[in-house]
Amino acid sequence: MHAFSMSFMNHHLKTALLTGQLSKQILIAIALVSLTLTAFVKVCGCGFVNFDDHQFVVENDHIKAGLTGHGIKWAFTTLQGGNYIPLTWLSHMIDCQLFGLNPAGHHLSSLLLHLANTLLLFLVLHLISAALWPSALVAALFALHPLRVESVAWIAERKDVLSTFLGMLTIWAWARYSQRPTLRRYLVAFAFFCLGLLAKPMLVSLPLILLLLDYWPLNRFPKAGVSAGLISLVLEKLPLLAISGIASLVTLIAQHRAGAVASLKAIPLKMRLINALVSYGRYLVKLIWPRQFAVFYPYPMSWPWWQVAGSALLIFGLSALAVAVAKTQPYLFVGWLWYLITLLPVIGLVQVGRQSMADRYTYVPSIGLLIMAVWAAFELTAKWRRRYQIAILSASASAVILYLMICTAHQVRYWKNSLTLFEHALAVTANNYLAHYNLGVALAAEGRYQEAAIHYAEAIRIKPDYACAHNNLGFVLSKQKKLTEAEAHYRQAIKIKPDWDLAHYNLGCLLAAQGRFDEADTHYRMAQKLESGSLHHSHSSLVIGLGRKGKRIKSNDNQGLNFSKSKNRPPKYSIH
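Residue numbers for the sequence shown follow this note's numbering, so the first one is 295 and each next one is one higher.
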């Protein structure tokens, strides 16, 4: 990869020298790095959060060991988290090798990748369009928008910034191939694309983006013989499309095995289509009006009719406009389709996870919208006097950039720890059962059991079949000596998930503490039978033996929360 990077830089050095723009490129790059670091400066002061970070890093023995032969083998053979992402696992291992479990180092790696993506976006756009200042502005808006915070500040979302880095290198390599098509240049693009998919499969739509770029700004579509030319352009992408198909199939299998794919019974097709339509509109609104960002947006029971109608009007209207001006303003056509296509894998038609939408999903799709906005601004002012155009665009861009930097710096603060993250999520969303649950976990970890109980109870009110919340509420109630209430919630957790070992184990501890050893024995044995590899079950035989001898057991010493108490115990699926 180092050789490819050197080739990339050497090519740009030659190109810039020939056009006399090297100094401008360097100054722009310095400005992009400086502005981005200023906006994200406090991210390295954030910690791990209790939302996938523990499963991905903190409690993952394969990752914590750093780069080892066994760990590398595991990375390329595991489907943990419902994805096949070996390169992302390796990046986490490297972080642990270098920094241990110091979160500052892990955050620094993600920030450096985001900086690299920003510079690559600028260089790639300049390479394919020859438009220096529009390329720079798109890169700046991409880097500084608060929608980026989730991908950069969330350690478990390393796959976003890493896959985008490889995706940008794929586009660069494709641009080089389009200038002088050779097998070697094609293979370079193909290799980067494959590596990107090994970081995160969301890049499956990239071959279609390359086809869009062939239309504009690479202008590879023939003026005459359009059908034959288009067929030729599609055929050259068949190997890329084949790899995308394989990656999609592997991901679908992995998600099904992890139990992450919601059934049509749980979320009907009509609801998915409506949510997808509204989400396309909401992402667009959040890009234009950056406010009320949350780490988790709950799936609504229904959407207000005005939101559905407004989103439909917006999406179909912009789609019609993009098609109508495809020949005269191709950047609108390409940018809009970039947005629609790259969001499609995560828009929820195949519902994976529990969220209705997620800020991290905009990391790549937003580039298309930014291309539309920036190129349109430059074209609309193209006929103005040069000094007026420069003055207006410079002032407007500076104001927008400053505003985005302030918003981003403010949003980064919420990622300081789990308490600040989920308190903010509750402040900007409604009926957010998962935010209540995770805030309860964070409070319980600090021994604030009464406060934790309030949030677990609220999570259950919103989602009565939330087994994890029942289990954890049972735990914090037992800590407050409310044993009857605790028992009721443990039993409810088992009723919802009869095959859950942890709930059986916790109930066994509670019963044994009350001298109800025969009942406890039943649940301990069930926990052992269902055991999924957690540490607490190693104590079960001892507890049963002590119970039969008539010794009283302190339930609080043995019970466990559904978080941070088990060794290498992933959830059934991870947010992705």
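Quick reminder that beta carbons are idealized off the backbone N, C-alpha and C, glycines included.
**Q.** LEU546 to TYR682 span [Cα, whole Å]
**A.** Counting from one through the sequence shown, the residue named residue 546 turns up at place 252. Counting from one through the sequence shown, the residue named residue 682 turns up at place 388. For LEU546 and TYR682, the distance between alpha carbons rounds to 53 Å.
Q: Out of MET666, GLN601, THR622, point me to the one whose CA is closest to TRP630's CA.
A: By one-based count along the sequence shown, residue 630 stands at place 336. For TRP630, the nearest C-alpha among the options comes from MET666.
Q | For TYR760, the nearest candidate out of LEU506, TYR593, LEU481, TYR727 (CA to CA) | A | Taking the first residue of the sequence shown as position 1, residue 760 is located at position 466. Cα-wise, what sits closest to TYR760 is TYR727.
Q: Whole angstroms is fine: what's the gap from ALA606's alpha carbon to LYS453's?
A: On the sequence shown, position 312 is the one that residue 606 refers to. On the sequence shown, position 159 is the one that residue 453 refers to. Rounded to whole angstroms, ALA606 to LYS453 spans 31 Å at the Cα level.
Q. How do the segment 327–335 and the segment 399–416 stand: do at least 3 beta-carbon pairs fall below 8 Å, yes or no?
A. yes
Q) What is the DSSP secondary structure of SER596, reduced to helix, strand or coil? A) As a working mapping, residue 596 is identified with position 302 in the sequence shown. SER596: coil per DSSP, three-state reduction.
Q: May I have a chain-ordered list of the alpha helix (DSSP H) segments no shorter than 4 residues that lie completely inside the segment 456–512?
A: 477–493, 500–509
Q.
Using a Cβ-Cβ cutoff of less than 6 Å, which residues in the same chain neighbour ALA763 once the five nearest sequence positions on both sides are dropped?
A. Position 469 of the sequence shown, counting from 1, holds the residue named residue 763. Only TYR731, TYR750, ALA753, ILE754 meet the Cβ criterion.
Q: Would you kindly work out how many angstroms separate the C-alpha atoms of LEU497 and TYR818, rounded to a whole number?
A: Counting from one through the sequence shown, the residue named residue 497 turns up at place 203. Counting from one through the sequence shown, the residue named residue 818 turns up at place 524. Their Cα atoms are separated by approximately 45 Å.
Q. Where ILE788 and VAL735 are concerned, what is the direct C-alpha to C-alpha distance, given to the nearest angstrom?
A. Here residue 788 refers to the residue found at position 494 of the sequence shown. Here residue 735 refers to the residue found at position 441 of the sequence shown. Cα to Cα, the separation comes out at about 19 Å.
**Q.** Same chain, Cβ closer than 6 Å to PRO495, neighbours up to 5 away in sequence not counted
**A.** Counting from 1 along the sequence shown, the entry for residue 495 is found at position 201. The residues are ALA541, THR545.
Q | Spatial distance of GLY777 from GLU717 (CA atoms) | A | Residue numbering aside, residue 777 sits at position 483 when the sequence shown is read from its first letter. Residue numbering aside, residue 717 sits at position 423 when the sequence shown is read from its first letter. Per the sequence presented here, residue 777 reads as Leu, with Gly not at that position. Their backbone Cα atoms lie some 28 Å apart in a straight line.
Q) DSSP on VAL555, reduced to helix/strand/coil? A) For the purposes of this step, residue 555 is taken as residue 261 along the sequence shown, with counting starting at 1. In the structure shown, VAL555 sits in a strand (DSSP, three-state: E or B).
**Q.** Extent of the continuous beta strand (DSSP E) run through GLN623
**A.** One-based indexing of the sequence shown puts residue 623 at position 329. Segment: none, GLN623 is in no beta strand (DSSP E) and carries neither H nor E.
(Q) Assuming the contact rule is C-beta atoms closer than 8 Å, LEU326 and PHE416 should be a hit. Round their C-beta distance to whole Å, please. (A) Here residue 326 refers to the residue found at position 32 when the sequence shown is read from its first residue. Here residue 416 refers to the residue found at position 122 when the sequence shown is read from its first residue. The Cβ separation is near 6 Å, so the contact holds.
Q: Please classify GLN645: does DSSP put it in a helix, a strand, or coil?
A: As a first step, residue 645 must be located in the sequence shown, where it is residue number 351. In this structure, GLN645 counts as coil in the three-state DSSP scheme.
Q) Between the Cα of ALA560 and the Cα atoms of PRO501, CYS340, PRO511, GLY642, which residue gives the shortest distance? A) In the sequence shown, counting from the first residue as 1, residue 560 sits at position 266. Nearest of PRO501, CYS340, PRO511, GLY642 to ALA560, Cα basis: GLY642.
Q) What are the start and end residues of the alpha helix (DSSP H) that includes VAL722? A) Position 428 of the sequence shown, counting from 1, holds the residue named residue 722. That run of the alpha helix (DSSP H) goes 712–722.
Q: Mind checking who MET651 pairs with in its DSSP beta bridge?
A: What you label residue 651 is simply residue 357 of the sequence shown in a count that begins at 1. DSSP, once it has assigned bridges, lists TYR591 as partnering MET651.
Q | Close Cβ partners of LEU421 (< 6 Å) along its chain, the five nearest in sequence each way excluded | A | As a first step, residue 421 must be located in the sequence shown, where it is residue number 127. Excluding residues within five positions, the ones whose Cβ falls inside 6 Å are ALA469.
Q.
Can you tell me where the alpha helix (DSSP H) holding ILE568 begins and where it ends?
A. The sequence position of residue 568 within the sequence shown is 274, counting from 1. It spans 563–582 - the alpha helix (DSSP H) in which ILE568 sits, taken as one unbroken run.
Q: Give the range of the alpha helix (DSSP H) segment to which PRO659 is assigned.
A: The residue you call residue 659 lines up with position 365 of the sequence shown. Where PRO659 is concerned, the enclosing alpha helix (DSSP H) stretches over 659–674.
**Q.** Straight-line Cα distance separating GLN349 from TYR591
**A.** Taking the sequence shown and counting its residues from 1, one reaches residue 591 at position 297. Taking the sequence shown and counting its residues from 1, one reaches residue 349 at position 55. Going by the C-alpha atoms only, they are around 21 Å apart.
Q. Which of helix, strand or coil does DSSP assign to LYS453?
A. Along the sequence shown, read from residue 1 onward, the residue named residue 453 stands at position 159. Three-state DSSP puts LYS453 in a helix.
Q | Contact belief for VAL343 with LEU664 at Cβ below 8 Å, rounded distance in angstroms | A | Reading the sequence shown from its first residue, position 49 is the one you call residue 343. Reading the sequence shown from its first residue, position 370 is the one you call residue 664. About 28 Å; that fails the 8 Å criterion.
**Q.** Within 8 Å, strictly: CB atoms of PHE401 and ALA447
**A.** As a position in the sequence shown, residue 401 is number 107, starting the count at 1. As a position in the sequence shown, residue 447 is number 153, starting the count at 1. Residue 401 is actually His in this sequence, not Phe. Yes, the Cβ-Cβ distance between HIS401 and ALA447 is below 8 Å.
Q. What whole-angstrom Cβ distance do ARG785 and LEU767 have, given they're in contact under 8 Å?
A. As a position in the sequence shown, residue 785 is number 491, starting the count at 1. As a position in the sequence shown, residue 767 is number 473, starting the count at 1. Not confirmed; about 12 Å, so no contact.
Q: Report the three-state DSSP secondary structure of LYS358 (helix, strand or coil).
A: Reading the sequence shown from its first residue, position 64 is the one you call residue 358. Of the three classes helix, strand and coil, the one that applies to LYS358 here is helix, per DSSP.
Q.
Would you say the beta carbon of PHE769 is closer than 7 Å to some non-hydrogen atom of the ligand NAD?
A. In the structure shown, the ligand NAD is absent, as is every other ligand, since no ligand is present at all.
**Q.** Alpha-carbon spacing of PHE610 relative to TYR574, whole angstroms
**A.** Along the sequence shown, one-based indexing puts residue 610 at 316. Along the sequence shown, one-based indexing puts residue 574 at 280. Straight-line Cα distance between these residues: approximately 11 Å.
Q.
For LEU381, tell me which candidate among GLU451, LEU674, LYS710, LEU608 has the shortest Cα-Cα distance.
A. Here residue 381 corresponds to residue number 87 of the sequence shown, with the count starting at 1. The residue with the shortest Cα to Cα distance from LEU381 is GLU451.
Q) Counting Cβ pairs, one atom from each stretch, are 3 or more of them under 8 Å apart for the segment 648–662 and the segment 586–600? A) yes
Q. Who are the near neighbours of HIS408 in its chain, counting only those whose CB is closer than 8 Å to its CB and skipping five residues on each side?
A. Counting from 1 along the sequence shown, the entry for residue 408 is found at position 114. Hits under 8 Å: THR330, PHE334, ALA437, ARG442, SER445, VAL446, VAL455.
Q. Between which two residues does the alpha helix (DSSP H) carrying HIS439 extend?
A. Here residue 439 corresponds to residue number 145 of the sequence shown, with the count starting at 1. Careful: HIS439 lies outside any alpha helix (DSSP H) and carries neither H nor E.
Q.
Among GLY375, LYS823, GLU353, ILE388, whose alpha-carbon lies nearest the alpha-carbon of ILE366?
A. As a first step, residue 366 is located in the sequence shown; it is residue number 72 there, counting from the start. The candidate whose alpha carbon is nearest that of ILE366 is ILE388.
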